[in-house]
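What follows is a single structure, written as structure tokens, with notes after it.
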Amino acid sequence: MPQKLSIENQLITTFLEQKFDIGESNDIEMYKQFVSNYVKIEQCVAVLSDYQSDCSYIYAGSFGAVFGLPDANSVIDSAFEECIFTKINPDDLVERHVLELNFYQFLKGIPQEEYSNYSTFSRLRMRDSVEKCSYINHRTIYLKTFSNGSISLALCLYLPSTDLQPRTGIDGKIINIQTGEVIESEKYKNQVENILSKREIEVLNSVAKGNKSEQIASEMHISVYTVRRHRQNIIEKLKVTNTAEAVQTAFVMGIISL
Numbered sequence: 054m055p056q057k058l059s060i061e062n063q064l065i066t067t068f069l070e071q072k073f074d075i076g077e078s079n080d081i082e083m084y085k086q087f088v089s090n091y092v093k094i095e096q097c098v099a100v101l102s103d104y105q106s107d108c109s110y111i112y113a114g115s116f117g118a119v120f121g122l123p124d125a126n127s128v129i130d131s132a133f134e135e136c137i138f139t140k141i142n143p144d145d146l147v148e149r150h151v152l153e154l155n156f157y158q159f160l161k162g163i164p165q166e167e168y169s170n171y172s173t174f175s176r177l178r179m180r181d182s183v184e185k186c187s188y189i190n191h192r193t194i195y196l197k198t199f200s201n202g203s204i205s206l207a208l209c210l211y212l213p214s215t216d217l218q219p220r221t222g223i224d225g226k227i228i229n230i231q232t233g234e235v236i237e238s239e240k241y242k243n244q245v246e247n248i249l250s251k252r253e254i255e256v257l258n259s260v261a262k263g264n265k266s267e268q269i270a271s272e273m274h275i276s277v278y279t280v281r282r283h284r285q286n287i288i289e290k291l292k293v294t295n296t297a298e299a300v301q302t303a304f305v306m307g308i309i310s311l
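Residue 228 in the numbering used here sits at position 175 of the sequence shown, with consecutive numbering throughout.
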């Protein structure tokens with residue numbers, strides 16, 4: 054549970070603490086109509102997340118019954134659909150969050166006008182089989198980006214999966230939806246390292262080996278005070294409560310290896 058919370062906190066902070074231009078429109082009504090019409094055709098579940106207002110618009114077709122969603126469209130006071138997250142296998146949910154963080158970092162390395170050319174794709178296990186539904190397909194697409202690079206609107210799609218083969222992991226991918234190209238993980242997993250500085254990663258790697266602050270300071274030829282400051286910065290940046298959680302979170306995110 055601590056790992057799920059720390060990853061989720063990292064995700065929430067990443068999106069909600071962006072700098073939004075309050076004078077710039079996000080065209081929300083146009084996108085709401087588009088998503089509503091799409092759901093009527095696909096009968097899937099779509100979540101339109103407004104990071105600027107920290108709210109979500111949930112559109113549920115017939116597939117919404119799997120999550121216990123009402124037939125009518127709804128609005129929640131969060132940009133993150135916890136009412137759906139609670140129905141997903143916890144391990145898969147952590148991987149899904151990490152994939153989205155990787156996706157965010159990957160996009161920051163390409164021209165802003167190309168953001169909408171890419172999407173994530175993953176297969177998630179339900180927490181419990183509901184009406185013979187054990188697996189779902191999930192996609193994330195960023196619809197609206199402000200001129201300063203902040204992402205204001207995201208679309209998450211939940212659909213039934215036809216692939217029922219048991220396997221571990223979510224088989225998460227980033228895909229160029231114009232060409233069908235699957236982006237090699239090496240091109241985006243290392244991007245998440247930007248969350249921590251090079252020195253902070255070195256300190257965290259040493260912490261993961263069980264080394265105390267005094268030993269780390271001696272090995273790196275820095276003061277114990279500096280090591281402690283790095284440790285505190287790591288905790289704050291990864292949105293965790295202690296260095297043990299920081300090690301777990303950084304490992305899941307691919308920042309360090311154990």
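Virtual Cβ for every residue (Gly too), placed ideally from N, Cα, C.
Rounded distance between the beta-carbons of residue j and residue i, thought under 8 Å
i	j	result
residue 82	residue 200	Contact flag wrong, Cβ pair sits at about 20 Å.
residue 68	residue 104	5 Å
residue 114	residue 98	7 Å
residue 305	residue 60	6 Å
residue 130	residue 108	6 Å
residue 171	residue 248	No, residue 171 and residue 248 are not in contact; Cβ-Cβ is about 20 Å, not under 8 Å.
Residue span of the beta strand (DSSP E) that contains residue i, given as start and end
i	result
residue 152	It is not in any beta strand (DSSP E) - residue 152 instead sits in the alpha helix (DSSP H) that spans 143-160.
residue 113	108-113
residue 102	98-103
residue 128	127-129
For residue i, the three-state DSSP class (helix, strand or coil)
i	result
residue 229	strand
residue 290	helix
residue 69	helix
residue 195	strand
residue 212	strand
residue 172	strand
residue 82	helix
residue 163	coil
residue 220	coil
residue 201	coil
residue 241	coil
residue 75	coil
Rounded C-alpha distance that separates residue i from residue j
i	j	result
residue 258	residue 93	49 Å
residue 213	residue 254	39 Å
residue 198	residue 221	34 Å
residue 126	residue 159	32 Å
residue 224	residue 265	36 Å
residue 74	residue 204	11 Å
residue 194	residue 217	24 Å
residue 270	residue 280	6 Å
residue 152	residue 277	35 Å
residue 287	residue 173	27 Å
residue 132	residue 272	43 Å
residue 252	residue 210	38 Å
residue 163	residue 72	19 Å
residue 297	residue 268	17 Å
residue 228	residue 150	16 Å
residue 190	residue 177	6 Å
residue 301	residue 143	15 Å
residue 167	residue 154	17 Å
residue 289	residue 234	36 Å
For residue i: DSSP bridge partner residues
i	result
residue 87	Answer is none; residue 87 lacks a bridge partner.
residue 36	Because the chain here runs from 54 to 311, residue 36 falls outside it and cannot be looked at.
residue 207	102, 195
residue 177	189
residue 92	In the DSSP output, where bridge partners are listed per residue, residue 92 has none listed.
residue 235	228
Terminal residues of the alpha helix (DSSP H) in which residue i lies
i	result
residue 271	266-273
residue 257	251-261
residue 297	296-306
Distance cut-off 7 Å: residue i Cβ against heavy atoms of the ligand ADP
i	result
residue 196	By its list of ligands, the structure shown contains no ligand whatsoever, and the ligand ADP lies outside what it can speak to.
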